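To keep things clear, I will list the structure first and then write my remarks on it.
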Amino acid sequence: MMFILVLVSLFVPIEIIEGKKCSELSCCAGYWFNSSGNCVVCPSGLHGVQCSTPCSKGFYGELCTGHCECQDELCIARVWYLRRQVVVISKSDLSTGETFVNGAATSTKKYSSVTKNRDMSLIKEIFLKQDMNQALLLTNNVLQVMTDVQRLKEEVLRLNKENVDLRNQLSSFLNKSSDPRTPIAFYAYFGNDFKSMPKGSTFVFDVVETNLGNGYNKATGIFTAPSSGLYAFTWTVQAAGKHVVQPINSNSQYGEINAALMQNGAVKGVIVADTETKYDMDTATAFVVLETKVGDQFQIAVSEWDGQGDIYSNNSNGRTTFSGFMVS
């Protein structure tokens, strides 16, 4: 019987190895990313593929030594290896050997066709997922932009409102600054020293320096408000520490007096100037701010007890005065 040595070479397909995005993940040499995203040991008898660079058996990584750093976003590789075996057959079995080889080739083609279709489906699925992820990312970006635009619109509306308020305030200020109305203010004082007065008496300041608006009457000592608003008033009395008013009564007391600001007969402020010894003098001053209606009357009067002694009003010892003005 004649025997023939036949060297049979077969390409045997191995399962698909799926790569994974490796921007933040890495597998040590000898490992690969499975479909669940885990690093696992390369299957026995297989060599890894680093997207474009093939490696020796049992490794998966750049130049077979580094970590998995895919050059493409997705890597799908089919690993084939050549299996060679020497078959010793007899001549009579040659036909059987041919049948075996042809059958193996046919099986390989069929398997290749099936796996090719599966590869295409897998590729489509992968790219579909990638497109969906990109679409989702784009949608999120658009929503974020819309949110930012809405926030900016609200900010613009708020700033516009503030701008309108500031314009109104400025306009009001300018209108007040250019108000053509005559200001209201007065200033009056006693032209000479005088004797203290009994309770209920009104101070009649006979010298008028200022009377804008003509509210002060020097004949009565009363100021009548020409218009409503906020007014400020101040008054001063100067008690004498000696007898200065003719006829001099050396037996009388030294100067002492109380002076109250009256608004329509009601006390709004009180001061007291009191001297106790010879050549002593005492000054008292007050300042008040009052809401005022047009026609309100203001005067300085002795409100609590009779005064005594003399009161100064001169350039040497100080003046007894009354003044006021409209604030707004």
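Per mature numbering (1 follows the signal peptide of the UniProt record, and there is no 0), the sequence shown runs over residues -19 to -1, 1 to 309.
Beta carbons: idealized from backbone N, C-alpha and C, even for Gly.
Treat the numbers as computed from the prediction; the structure is a model and nothing was measured.
Compare the C-alpha of MET243 against each of GLY210, ASP277, ASN149 and TYR170 and name the closest. Within the sequence shown, residue 243 is the residue found at index 262, counting from 1. Of the listed residues, the one whose Cα sits closest to MET243 is ASP277.
Going by DSSP, what residue range makes up the beta strand (DSSP E) through MET243? The residue given as residue 243 occupies position 262 in the sequence shown. 237 to 244 is the span of the beta strand (DSSP E), which, as asked, contains MET243.
Reduced DSSP secondary structure (H/G/I, E/B, other) of MET307: Locating residue 307 in the sequence shown gives position 326, counting from the first residue. Strand at MET307.
Could you tell me how far apart the beta carbons of LEU193 and GLU272 are, in whole angstroms, since I believe they sit closer than 8 Å? Walking along the sequence shown from the start, residue 193 turns up at place 212. Walking along the sequence shown from the start, residue 272 turns up at place 291. That belief does not hold up - the Cβ atoms of LEU193 and GLU272 are roughly 20 Å apart, past 8 Å.
Which residue's Cα is closest to the Cα of ALA213: GLN150, TYR168 and GLN111? For the purposes of this step, residue 213 is taken as the residue at position 232 of the sequence shown. Cα-wise, what sits closest to ALA213 is TYR168.
Cα-Cα separation, ASN239 to SER177: Taking the first residue of the sequence shown as 1, we reach residue 239 at position 258. Taking the first residue of the sequence shown as 1, we reach residue 177 at position 196. Each residue's Cα considered, the two are about 10 Å apart.
TYR293 to ALA220, Cα distance in whole Å? As a working mapping, residue 293 is identified with position 312 in the sequence shown. As a working mapping, residue 220 is identified with position 239 in the sequence shown. The straight-line gap separating the alpha-carbon atoms of TYR293 and ALA220 is approximately 6 Å.
Which of helix, strand or coil DSSP assigns to ASP112: The residue given as residue 112 occupies position 131 in the sequence shown. It is helical.
Whole-Å CB distance - GLY290 paired with THR266, under 8 Å assumed: Along the sequence shown, read from residue 1 onward, the residue named residue 290 stands at position 309. Along the sequence shown, read from residue 1 onward, the residue named residue 266 stands at position 285. Contact doesn't hold; Cβ gap of about 19 Å is too wide.
Hey, GLY222 and GLY202: beta-carbon distance below 8 Å or not? Against the sequence shown, residue 222 aligns to sequence position 241. Against the sequence shown, residue 202 aligns to sequence position 221. Contact: no.
From the DSSP secondary-structure annotation, give me the bridge partner or partners of residue 344. Within the shown structure, residues of the chain are numbered from -19 to 309, placing residue 344 beyond reach of any answer.
Distance between beta carbons of ALA166 and VAL275, contact taken as under 8 Å: Along the sequence shown, read from residue 1 onward, the residue named residue 275 stands at position 294. Along the sequence shown, read from residue 1 onward, the residue named residue 166 stands at position 185. Rounded, the Cβ-Cβ distance is 16 Å, inconsistent with contact.
Among PHE279, GLY288 and VAL189, nearest to THR248 - alpha-carbon criterion: As a first step, residue 248 must be located in the sequence shown, where it is residue number 267. For clarity, residue 248 is Val in the given sequence; the question names Thr instead. The shortest C-alpha separation from VAL248 is found at PHE279.
N-terminal and C-terminal residue of the beta strand (DSSP E) that GLU272 is part of: Position 291 of the sequence shown, counted from the start, is the residue given in the question as residue 272. Where GLU272 is concerned, the enclosing beta strand (DSSP E) stretches over 263 to 273.
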